[in-house]
Amino acid sequence: MNPFEKYSVEMINNKLDLTVLEGSYLPEIFPHREREIDLMAKTLSSVFHNSRPSNLLIYGKTGTGKTSTTTYVTKMLKEKDPEGIEIFHVNCQVFDSPYSILVEIANALTQTNEDKIPGLGWPMDRIYSELLKRMNRSRRFMVVVLDEIDKIIKKNGPDALYVILKLSDDSTVTRTSFIGITNDTGFLESLDARVRSRLNQESIMFPPYNASELRDILKLRISNISGSKPIDDSALNLCAAIGAQEHGDARKALELMRIAIEVSIRDGTTKVTDKEVYRARDKFEMDVMREAVATLPPQSKMVLLSAVVTQEMDSSMMFTGEIFENYKSICRELGFAQLSSRRISDILTELEDFGLLTTSTKSQGRYGRTRFIRVAGNYFDVKRYLVEDKDLEKFRGTGIGKQARIDTTVPLDSIPPEKIDEKIRDIWDATPSE
DNA sequence: ACTCCACAGGAAAATTGGGGTA
DNA sequence: TACCCCAATTTTCCTGTGGAGT
């Protein structure tokens, strides 16, 4: 018997479809967001008076419904006038330079089988004029949603946005408006005045949900689940409470509920109780960490491995220098080229951003000023994820450039140190691409 | 008051590899 | 094929810094 039979049958028998609890699900009703939706609609409604809507800046913490309400409102706007309005949603975490964003928009504007602009190689001004050419042909209102807009500034400096926002001046035929979404409340201050005044023509703040608001959201979503699984009221309240604790995060509350239901199905319990929610929370934390580790670039994985090993050797505080030293020997051992200490410093910051490390800069007087670093959460779990990771387990040549593997049939010792990088390059060049 | 450790983190140069053109 | 342009990534070089030691 297929081992999945038991579980899938229950899914089918109960007609349980949990997609309404997933992050990508776009609801039709947004409880406690009436004010925000109205404000957004009021701003965008300028298109019906044939004038360009003001640019809009939306802020609020994660899971306060910024992205989904914006998606909903813009979708409704387009429904009102499908011919005259074009909506683009750009996730700036994926497309994080002005270059890639302009290319993305230009390629989305492709009509018929016009050539796609390659993601690399073209000069910036050519992309810009090509985009303008394509835009001015369509004779429409265009609304560009820049989701996680703070990422652009963070990666490219304050001038990056200026180039993009200039589009609304230069596109004479197509009137272009921007909606920026960010969860960084200090974002505005990091902009210089000209960009700020352009972007912040209107702004909407999304306040965090409180526990009772989260409960309303959960109730509404659950009522949309086709099929049923009994859910204790207290379990529902618990999800809401945890979500409220986490800066009013609806996404987390919904995700917890989804996992709790899955746990309940897997364990064959008759209903979802507090116990399932608590187990869901543990599973959630671990999944987040596992995912974060798995998606790291190979070099970051090695730095993290070094941190784990360093902490294991000496459970007291460790600092940047120790991690760098151990990182170097791990590289030697595994046959990876090593990056400079400056780069490792940045990677450590990145790992902190991912929540895998916690750091605090401390001054030790005579003994220098450095960051003290801890592996976040249970370092044994992190180590397990790393050890079972294929990048660190086998080092098959799936990396690129310097990240490729050294041929283990050639003892590392037989290569003079100054030739090692060259050797890696040779092997990489000889590696047949897939 | 002055030094100086061990870095943090900014700026600029250098390297890398895709893409275009001749 | 050789060569130039470009963005992205990494290295090199650099200045700044909090406070224990002297």
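All letters in the first sequence, in the order written, are residues 884 to 1317 by my numbering.
All residues carry an ideal CB built from backbone N, CA and C; glycine is no exception.
- SER1224 carries a helical assignment under DSSP once its states are collapsed to helix, strand and coil.
- Minimum Cα-Cα distance from GLU969 among the listed residues ARG1226, LYS944 and ARG1020 corresponds to ARG1020.
- Here the stretch 1216-1226 makes no contact with the stretch 1266-1274; the two share fewer than three CB pairs at distances below 8 Å.
- By the criterion of a C-beta distance shorter than 8 Å, LYS1211 is surrounded in its chain by GLN1221, once the five residues flanking it on both sides are discounted.
- In this structure the stretch 1246-1256 does not touch the stretch 1163-1183; the number of beta carbon pairs closer than 8 Å is below three.
- By the 16-neighbour rule on beta-carbons within 10 angstroms, VAL1078 is buried.
- The Cβ atoms of LEU1029 and ILE988 lie no closer than 8 Å to each other.
- If you draw a 10 Å sphere on the C-beta of GLY1069, you find fewer than 16 other C-beta atoms in it, and that means exposed.
- Taking C-alpha positions only, PHE1207 is separated from GLU1233 by approximately 15 Å.
- Comparing alpha carbon positions, the residue from THR947, GLU1085, THR926 and VAL903 closest to HIS915 is THR947.
- Contact between the stretch 1116-1128 and the stretch 1143-1162 is present: three or more C-beta pairs spanning the two stretches fall below 8 Å.
- Under the DSSP definition of a beta bridge, LYS1245 partners with THR1253.
- Residue pairing by DSSP places GLU969 opposite MET1025 in a beta bridge.
- Of all alpha-carbon atoms in ILE1036, LEU1240 and ILE1105, the one lying nearest the alpha-carbon of ASP1075 is that of ILE1036.
- By the C-beta criterion, the stretch 928-936 is judged to be in contact with the stretch 1047-1063, since at least 3 inter-stretch pairs fall below 8 Å.
- Pairwise C-beta distances place the stretch 1194-1202 out of contact with the stretch 1223-1241, as fewer than three of them are shorter than 8 Å.
- Rounded to the nearest whole angstrom, the C-alpha separation of MET1200 and LEU1187 is 15 Å.
- Around the beta-carbon of GLU917, fewer than 16 other beta-carbon atoms lie within 10 Å, marking it exposed.
- Cβ-Cβ separation between PRO981 and VAL1046: approximately 5 Å, consistent with a contact (criterion under 8 Å).
- Here ALA1136 is not near LEU1082, since their CB atoms are 8 Å or more apart.
- Close CB contacts of GLU1205 within its chain, under the 7 Å cut and outside five residues either way in sequence, are with THR1193 (chain order).
- Here MET1007 is exposed, its C-beta having fewer than 16 other C-beta atoms within 10 Å.
- Membership of LEU1187 in the alpha helix (DSSP H) is indicated by the continuous run 1181-1196.
- A residue is called buried when at least 16 other Cβ atoms come within 10 angstroms of its Cβ; ASP1052 does not meet this threshold and is exposed.
- Taking a contact as a CB-CB distance under 8 Å, the pair VAL956 and MET923 counts as one, their CB atoms being some 5 Å apart.
- Straight-line spacing of the CA atoms in GLU962 and THR1203 works out to 54 Å.
- Between the beta-carbon of ARG1254 and that of LEU1231 there is about 7 Å, and that keeps the pair under the 8 Å contact cut.
- Taking C-beta atoms as the reference points, LYS949 and ILE1064 count as a pair closer than 8 Å.
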